[in-house]
Amino acid sequence: MPHQVKAVVVKAKDEPVVIETITVPDPGPGEAVVDVLTCGVCHTDLHYKQGGIGDDYPYLLGHEATGVVSQIGEGVTQIAVGDRVILNWRAVCGECRACAKGQPQYCFNTHNATQKMTLQDGTELSPALGIGAFAEKTLVAAGQCTKIDDDVDPAAAGLLGCGVMAGIGAAINTGEVKRGESVAVIGCGGVGIAAVAGARLAGATTIVAVDIDGAKLELAKGLGATHTVNSREEDPVEAIRKATGGFGADVVIDAVGRPETYKQAFYARDLAGRVVLVGVPTPEMALELPLLDVFGRGGSLKSSWYGDCLPSRDFPMLVEQYRLGRLDLDAFVSERIGLDQIEDAFEKMHRGAVLRSVVEL
């Protein structure tokens, strides 16, 4: 029988979010219904609200979530009712050319639930990133559920579902940071600070955090930065070189996603170093670099999609690092809130006053 649950919906561009009763259908083949425990408030949810991702309103917001599987559909074998799971927005197909090459983290045919959740009048909802977890229950593809042990704080573990995974993965997976290397991270919001934590987890010995906000730089120090640079006060390229013996960093991660910061990352790396772009640019942005400089500096220029993660591989590993005290996910949880406080959380996020507000249901 379909479920009637409370959920946070935005009905038109830039309108305030509202709490609505929505209908969540029973799961079909390959689907699961998940009782949501926690869901982080991410910039991507704000982008949906502002029309920055599309105009398929109404949107059911929320995607950085943990929950408990309450129903499974036909053919679902990888999860069972009662499993604690982190939700992800890239259920791999197992059949496309990336999956066939043994690189499912680059799957070109990721998918979500086939059925639609709806408002009570039957209007179909567009779930944020195919999840829609600012809700008491949500419907997802079973492949969007990654089982984890239930002895860790769900509010902390759930942040691996998006922003924290994007940052950690930019360092570990895309940047392939190795023990003893130097890393610089430009932009110390949630994703950037997660990249700092990822660099430390990978064994980097010099980690330079760059931002224009002193408070964010202090947070970065707490999560592994060995050097901080306030780019309002000094040239970040020169500061990164100074911190790395005059050479530049082995890996520079741009967690802002602007032409200005990308150029800083490009010139702040050592010869044959790696640049990783994990900050998301807007459509009108364009980059101009001398082609001779691209050739002459060698190395690689990479983009990181979702931290190039494979949830089935990376989520349990990172939860274990959290349990062992090597990854401080608790530091990313700035506050715990209810469904009715999401507008306030968006405002705090816009001011840079929080790393993550987490909704607890």
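Residue 361, in UniProt numbering, is where the sequence shown stops; the numbers in between run on with no holes. We put the beta carbon where it would ideally sit given N, CA and C, even for glycine.
*Assuming L61 contacts F134 (C-beta within less than 8 Å), just tell me the rounded distance between them.*
Yes, L61 and F134 are in contact; Cβ-Cβ is about 5 Å, under 8 Å.
*Would you identify the three-state DSSP class for L219, choosing helix, strand or coil?*
When DSSP states are grouped into helix, strand and coil, L219 belongs to the helix group.
*Which class does P27 belong to by DSSP, given the choice of helix, strand or coil?*
In the three-state reduction of the DSSP assignment, P27 falls in the coil class, being assigned neither a helical nor a strand state.
*Simplified DSSP assignment, three categories, for I212*: I212: coil per DSSP, three-state reduction.
*Can V36 and T174 be called in contact, C-beta distance under 9 Å?*
Annotated as distal: V36 and T174, with beta-carbon spacing of 9 Å or more.
*asked:* Using CA atoms only, rank isn't needed, just tell me which of V8, A98, L287 and I240 is closest to Y57.
replied: When C-alpha distances from Y57 are compared across V8, A98, L287 and I240, the shortest belongs to V8.
_Helix, strand or coil at H63 [DSSP, three-state]_ = Coil at H63, not helix or strand.
*Report yes or no: do three or more beta-carbon pairs, one from the stretch 319–328 and one from the stretch 181–191, lie closer than 8 Å?*
Judged by Cβ distances under 8 Å, the stretch 319–328 makes no contact with the stretch 181–191, as fewer than three pairs qualify.
*asked:* Tell me which residues share the same chain as A91 and place their Cβ nearer than 6 Å to its Cβ, disregarding the 5 neighbours each side in the sequence.
replied: T110, H111, A141, G143 and Q144, listed in sequence order.
*Are the Cβ atoms of T226 and I207 separated by less than 9 Å?*
Cβ distance < 9 Å, so T226 and I207 count as in contact.
*Quick one: complete alpha helix (DSSP H) runs, 4+ long, within the stretch 261–319?*
List check, alpha helix (DSSP H) in window: 291–297.
_Check for me: the beta strand (DSSP E) holding C145 runs from which residue to which?_
C145 to K147 is the extent of the beta strand (DSSP E) around C145.
_Any contact between the stretch 71–89 and the stretch 27–45? By contact I mean 3 or more CB pairs, one from each, below 8 Å._
Enough Cβ pairs lie closer than 8 Å, so yes.
*Is the beta carbon of V164 less than 9 Å from the beta carbon of F332?*
Yes.
*Which partner residues of H111 appear in the DSSP bridge assignment?*
Partner(s): A91.
_Option in K178, G180, A166 and T205 with minimal Cα separation from I193_ = The shortest C-alpha separation from I193 is found at A166.
*At least 3 beta-carbon pairs within less than 8 Å: the stretch 300–312 vs the stretch 276–288*: Between the stretch 300–312 and the stretch 276–288, the count of C-beta pairs closer than 8 Å reaches three or more; the two stretches touch.
*CB contact flag (P127, T38, <9 Å)*: Cβ distance not < 9 Å, so P127 and T38 don't count as in contact.
*Can you give the beta carbon distance from F315 to L289, rounded, assuming they're within the 8 Å contact cut?*
F315 to L289, Cβ: 36 Å. No contact.
_Quick check on DSSP: helix, strand or coil for Q50?_
Here DSSP, grouped into helix, strand and coil, assigns Q50 to helix.
*asked:* For A202 and L318, I'd like the C-alpha separation in whole angstroms.
replied: One Cα belongs to A202, the other to L318, and the distance between them is close to 12 Å.
*Would DSSP call A331 helix, strand or coil?*
Here A331 carries a helix assignment [DSSP, helix/strand/coil].
*asked:* Using DSSP's beta-bridge definition, name the partner residues of A255.
replied: Answer is none; A255 lacks a bridge partner.
*What is the rounded straight-line gap between the Cα of K49 and the Cα of C93?*
Separation of K49 and C93 (C-alpha to C-alpha, rounded to the nearest whole angstrom) is 29 Å.
*asked:* Let me check understanding here. Comparing Cα to Cα, which of T66, T114 and D55 lies closest to G40?
replied: That would be T66, whose Cα lies nearest to the Cα of G40.
*P270: buried (16+ other C-beta within 10 angstroms of its C-beta) or exposed?*
First, the amino acid is wrong: residue 270 is Asp here, not Pro. So D270 counts as buried.
_Where P16 sits in the DSSP three-state scheme_ = Residue state, collapsed to three classes: coil.
*Select from R97, D45 and L119 the residue whose C-alpha is nearest the C-alpha of V5.*
Nearest of R97, D45 and L119 to V5, Cα basis: L119.
*Inter-residue Cα distance where the pair is T261 and D254*: Going from the Cα of T261 to the Cα of D254 covers about 7 Å.
*Which residues in the same chain have their Cβ closer than 7 Å to the Cβ of A98, if we skip the five residues on either side of it in sequence?*
Taking A98 as the centre and dropping the five residues before and after it, the same chain places the C-beta of P104, Y106, C107 and F108 closer than 7 Å to its C-beta, in chain order.
*For V359, does the count of other Cβ atoms within 10 angstroms reach 16, so buried, or fall short, so exposed?*
Result: buried.
*What does a CB cutoff of less than 7 Å around E124 pick up in its chain, not counting 5 residues either side in sequence?*
Cβ within range, chain order: K116 and T118.
*Buried versus exposed, by CB contacts within 10 Å (16 or more), H350*: With fewer than 16 Cβ atoms within 10 Å of its Cβ, H350 is classed as exposed.
*asked:* By alpha-carbon positions, which one of T23, R84 and C42 ends up nearest to V354?
replied: Ranked by Cα distance from V354, the first of T23, R84 and C42 is C42.
*Alpha carbon to alpha carbon, how far is V210 from L159?*
Spanning the alpha carbons of V210 and L159 requires a straight line of approximately 22 Å.
*Cα separation between A345 and A272?*
Approximately 41 Å between the Cα atoms of the pair.
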